[in-house]
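All letters in the sequence shown, in the order written, are residues 11 to 698 by this note's numbering.
See structure below.
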Amino acid sequence: MSKKPYYITTPIYYPSAKLHIGHAYCTVATDVLARYKRLQGYEVMFLTGTDEHGQKIEKKAQEAGMTPQEFVDSIVEAPGGVKDLWKLMNISNTRFIRTTDDYHVKSIQKIFRKMYDNGDIYKGAYKGKYCTDCEAFWTETQLKDGKCPDCGREVHDAEEEAYFFRLSKYADRIRELLTTTDFLEPKSRVNEMVKNFIDPGLEDLCVSRTSFTWGVPVDFDPKHVTYVWLDALFNYVTALGYQNDKYDDFDAFWPGVNIVGKEIVRFHSIIWPAFCMSVGIPIPQKVFGHGWLLLDGGKMSKSKGNVVDPYLLSEKFGVDALRFFLLRSFPFGSDGNFSNELLIQTINVDLANDLGNLVSRTTAMAEKYFGAALPAGCGPTAEEKEFSRLTAEKPDCDVGFSVRGDAGDPRVDAARCDMELVSMAANLRKKYETDMEHFAPHKALEEVFAVIQRANKYIDENAPWTLAKDMDANGPRLAHVLYNLLEATRICGVLLTPFMPETMEKLFAQIGAGAELQIWEAAGHWGALPETVAVHRGDALFPRVDADAAIAELEEAAKAAKAGSGPVVETEPQAEESVDFDTFCKSDFRAVKVLSCERVKKSEKLLKFTLDDGTGTPRQILSGIAKWYAPEDLAGKTLVAIVNLPPRKMMGQESQGMLISAVHTVDGEEMLNLLMVDDKIPAGAKLC
Ligand code: MSP
Numbered sequence: 011m012s013k014k015p016y017y018i019t020t021p022i023y024y025p026s027a028k029l030h031i032g033h034a035y036c037t038v039a040t041d042v043l044a045r046y047k048r049l050q051g052y053e054v055m056f057l058t059g060t061d062e063h064g065q066k067i068e069k070k071a072q073e074a075g076m077t078p079q080e081f082v083d084s085i086v087e088a089p090g091g092v093k094d095l096w097k098l099m100n101i102s103n104t105r106f107i108r109t110t111d112d113y114h115v116k117s118i119q120k121i122f123r124k125m126y127d128n129g130d131i132y133k134g135a136y137k138g139k140y141c142t143d144c145e146a147f148w149t150e151t152q153l154k155d156g157k158c159p160d161c162g163r164e165v166h167d168a169e170e171e172a173y174f175f176r177l178s179k180y181a182d183r184i185r186e187l188l189t190t191t192d193f194l195e196p197k198s199r200v201n202e203m204v205k206n207f208i209d210p211g212l213e214d215l216c217v218s219r220t221s222f223t224w225g226v227p228v229d230f231d232p233k234h235v236t237y238v239w240l241d242a243l244f245n246y247v248t249a250l251g252y253q254n255d256k257y258d259d260f261d262a263f264w265p266g267v268n269i270v271g272k273e274i275v276r277f278h279s280i281i282w283p284a285f286c287m288s289v290g291i292p293i294p295q296k297v298f299g300h301g302w303l304l305l306d307g308g309k310m311s312k313s314k315g316n317v318v319d320p321y322l323l324s325e326k327f328g329v330d331a332l333r334f335f336l337l338r339s340f341p342f343g344s345d346g347n348f349s350n351e352l353l354i355q356t357i358n359v360d361l362a363n364d365l366g367n368l369v370s371r372t373t374a375m376a377e378k379y380f381g382a383a384l385p386a387g388c389g390p391t392a393e394e395k396e397f398s399r400l401t402a403e404k405p406d407c408d409v410g411f412s413v414r415g416d417a418g419d420p421r422v423d424a425a426r427c428d429m430e431l432v433s434m435a436a437n438l439r440k441k442y443e444t445d446m447e448h449f450a451p452h453k454a455l456e457e458v459f460a461v462i463q464r465a466n467k468y469i470d471e472n473a474p475w476t477l478a479k480d481m482d483a484n485g486p487r488l489a490h491v492l493y494n495l496l497e498a499t500r501i502c503g504v505l506l507t508p509f510m511p512e513t514m515e516k517l518f519a520q521i522g523a524g525a526e527l528q529i530w531e532a533a534g535h536w537g538a539l540p541e542t543v544a545v546h547r548g549d550a551l552f553p554r555v556d557a558d559a560a561i562a563e564l565e566e567a568a569k570a571a572k573a574g575s576g577p578v579v580e581t582e583p584q585a586e587e588s589v590d591f592d593t594f595c596k597s598d599f600r601a602v603k604v605l606s607c608e609r610v611k612k613s614e615k616l617l618k619f620t621l622d623d624g625t626g627t628p629r630q631i632l633s634g635i636a637k638w639y640a641p642e643d644l645a646g647k648t649l650v651a652i653v654n655l656p657p658r659k660m661m662g663q664e665s666q667g668m669l670i671s672a673v674h675t676v677d678g679e680e681m682l683n684l685l686m687v688d689d690k691i692p693a694g695a696k697l698c
């Protein structure tokens with residue numbers, strides 16, 4: 011292999027129901043990182059797959075009246091299944107592993123035996139608490155209020171003959187790994203692992219079960235099946251050919267980078283490296299624990315039934331817009347609140363307005379003023395060339411610039427204005443690279459969009475339409491302005507390719523940038539675009555979305571899905587969620603009086619309230635209740651609001667809290683009543 015190898019993985023997902031936007035978030039992020047490394051010239055191995063064994067899947071299959079294999083096939087392989095979703099979302103994985111693949115099963119049997127032979131797995135009796143949903147055993151001390159500390163569900167006593175892995179033996183090495191290296195990121199997750207799991211003492215881990223059969227049988231003791239997490243974690247290496255002849259890539263690609271959600275960081279940063287140490291292979295290069303996409307502040311999950319369907323959103327808004335939104339809006343290491351409003355706003359502001367307009371304005375002007383091809387001589391000036399050379403020579407630092415001369419001299423002013431755009435664009439690749447190397451794609455996008463916004467401002471500053479009024483005098487200046495715009499757009503386009511691969515092809519076609527100008531090296535080279543480039547005006551890259559209409563359609567689709575006719579399959583029972591008392595007490599409910607209420611323009615759903623909350627400063631809250639109330643009926647009423655939610659923008663207006671209502675159904679129709687309390691209660695009174 012002449013290129014340098016790079017290996018990156020997603021978690022392997024449970025095929026217990028259709029995947030949702032949270033799974034898509036992780037897979038798209040990993041895809042972006044994989045494409046970025048390919049752009050840089052690495053030979054990238056990118057693995058995703060499905061984790062198909064275990065009691066939960068066995069139970070689901072039974073409920074569906076299928077064999078477990080039929081059940082998982084129906085979710086993974088069938089039209090509209092996991093593989094189809096990744097195809098739709100343009101995921102560039104090189105491999106897809108299913109833990110039911112024959113080669114993986116045989117490898118796991120060999121691995122189990124190897125760990126048994128080296129004394130790390132031994133037979134004992136298991137007594138403890140088991141959470142069926144998480145497939146996890148817990149000790150009494152690990153339980154939270156007697157329930158599973160991960161999902162909050164009931165656990166049950168389990169006692170059976172079982173094999174154990176000597177996890178305790180590795181405690182010191184794992185502590186050292188976590189506290190003295192960058193193995194686990196973001197750093198904030200390290201403390202959590204050490205405090206919650208290592209400090210209390212690592213206990214040996216039960217790694218076999220006898221109470222069900224859907225798993226990898228232990229070949230030397232077949233009434234036992236292998237614990238799903240042992241089966242699952244080793245996927246990262248069996249898919250490269252570890253302990254099998256199917257592939258021969260282990261030596262070239264391992265160790266790799268494991269991208270996982272924060273809830274499975276424990277498995278990946280404690281148990282997985284201990285397993286690697288036990289069988290004598292290198293530990294992963296890095297485990298990165300990303301945050302969750304939340305819905306209304308809570309975790310989106312199949313079992314809660316509050317999932318968002320990535321098929322629907324891709325179809326409606328386009329795959330690239332959805333991919334972009336996921337990485338632009340949520341810092342990768344933290345949680346973020348998903349909403350349809352935010353999605354549409356991101357498409358309209360960043361993609362339709364900023365990027366789309368830059369491309370359409372620039373290509374339209376090149377066509378209008380120069381018949382599509384810019385004239386020779388419009389490229390970088392000597393000063394700009396020199397600057398660009400310096401930038402390329404110092405790949406690790408921002409290179410500044412200066413233009414000599416007095417302000418007020420039109421040539422000097424123009425050169426200064428140019429240099430601001432040129433320097434931002436020429437230094438962009440290194441900033442982007444630093445962010446991507448730190449697993450911060452959201453920051454890399456921030457940098458790219460700063461240049462796009464600067465370029466739009468540059469159009470306004472230079473007013474090409476005014477220059478065009480006197481082409482004899484201003485033609486060369488106008489051509490240089492357009493060249494700079496096309497060149498800045500090209501550099502941004504290259505760096506946006508991992509995020510929006512299909513649309514960037516269209517962008518390159520429109521600005522006339524050929525394949526040699528779309529590569530990593532060319533993104534660090536200001537002035538690579540030939541001067542006489544010919545543009546090809548095309549359709550808008552991102553049409554504006556009519557927010558109200560789109561939201562109404564999405565709500566309709568969500569209702570249909572809930573009623574069972576839509577694309578989201580919900581089979582798991584609704585889990586009862588509980589909050590602890592301290593968390594509950596943090597919610598600040600207050601009596602509020604309606605000072606005024608009106609409809610929000612262009613919205614069918616929203617009413618805007620101005621409220622007296624007792625503080626003396628009116629509070630504005632937007633509420634989607636226009637279907638049930640006329641604004642004039644609400645003036646003077648005393649309502650209840652939660653006032654310490656973070657402010658949220660709806661239809662461009664800030665909402666500072668939420669009004670409390672009762673929601674119920676009458677003859678299949680959803681009804682809503684605002685909670686109204688005795689008018690004698692003063693504004694601002696706290697409800698507790
Ligand atoms: N099968 C295990 C993983 C084994 S890896 C050796 C599993 N599967 S899962 O189907 O539950 O998928 C979990 C992963 O999906 C999370 O770690 C995360 O990457 C992604 N997400 C699932 N819901 C999510 C959100 N609501 N938000 C963000 N990511 C989410 O655990």
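Cβ coordinates follow ideal geometry from the N, Cα and C atoms, glycine included.
Computed from a prediction, not measured in an experiment: that's the story for all the values here.
Close beta carbons around residue i, own chain, < 7 angstroms, minus the five adjacent residues each side
i	result
G518	First, the amino acid is wrong: residue 518 is Phe here, not Gly. Excluding sequence neighbours, F518 sits near G503, Q528.
S26	K66, I67, K70, K312
R500	I521, A523, L527, L539
A44	I18, V54, F56, S102
F260	V247, L250, G251, Y252
Where residue i sits in the DSSP three-state scheme
i	result
C141	strand
E213	coil
D258	coil
M681	strand
H30	coil
L697	strand
P227	strand
C388	coil
F174	strand
D470	helix
H234	coil
L551	coil
T507	coil
T109	coil
For residue i, the residue or residues it bridges with in DSSP
i	result
M55	Y17
K154	K157
Q630	T620
F340	None; F340 has no bridge partner.
F147	Y140
I131	F175
Q663	M660
F348	L305
Same chain, Cβ closer than 6 angstroms to residue i, five either side skipped, listed in chain order
i	result
R176	D130, D214
G624	A693, G694
heavy atom of the ligand GTP below 7 angstroms from residue i C-beta
i	result
G32	The ligand GTP is not among the ligands present in this structure, which contains only the ligand MSP.
Cβ separation of residue i and residue j, assumed to be a contact under 8 angstroms, to the nearest whole Å
i	j	result
W264	V247	6 angstroms
L352	S344	The Cβ separation is near 15 angstroms, so there is no contact.
F277	L243	7 angstroms
L305	V318	7 angstroms
L616	G634	6 angstroms
Beta-carbon proximity list for residue i, same chain, < 8 angstroms, skipping 5 on both sides
i	result
E642	C607
V82	P25, T60, E62, I67, A71, R108, T110
N367	N466
E394	D428, M429, V432, W536, G537
M700	As displayed, the chain neither begins before 11 nor continues past 698, which places residue 700 out of reach and without an answer.
E80	A71
Decide yes or no for the touch test of the stretch 292–308 against the stretch 263–276: beta carbon pairs closer than 8 angstroms, at least 3 of them.
yes
Between the stretch 47–62 and the stretch 12–20, do three or more beta carbon pairs fall short of 8 angstroms?
yes
If we count Cβ pairs, one from each stretch, closer than 8 angstroms, do we get three or more for the stretch 617–634 versus the stretch 657–671?
Remark: three or more beta-carbon pairs, one from each stretch, lie closer than 8 angstroms, so the stretch 617–634 and the stretch 657–671 are flagged as touching.
Any chance the stretch 142–161 sits against the stretch 88–95, with 3 or more Cβ pairs inside 8 angstroms?
no
Meets three-Cβ-pair contact criterion under 8 angstroms: the stretch 483–501 and the stretch 364–377:
yes
Between the stretch 530–548 and the stretch 466–480, do at least 3 Cβ pairs fall closer than 8 angstroms?
no
Taking contact to mean at least 3 C-beta pairs separated by less than 8 angstroms, is the stretch 218–231 in contact with the stretch 182–192?
Result no; under three Cβ-Cβ pairs closer than 8 angstroms.
Touch test, the stretch 326–341 against the stretch 505–513, Cβ-Cβ under 8 angstroms, three pairs minimum
Three or more Cβ pairs drawn from the stretch 326–341 and the stretch 505–513 lie within less than 8 angstroms of each other, which places the two stretches in contact.
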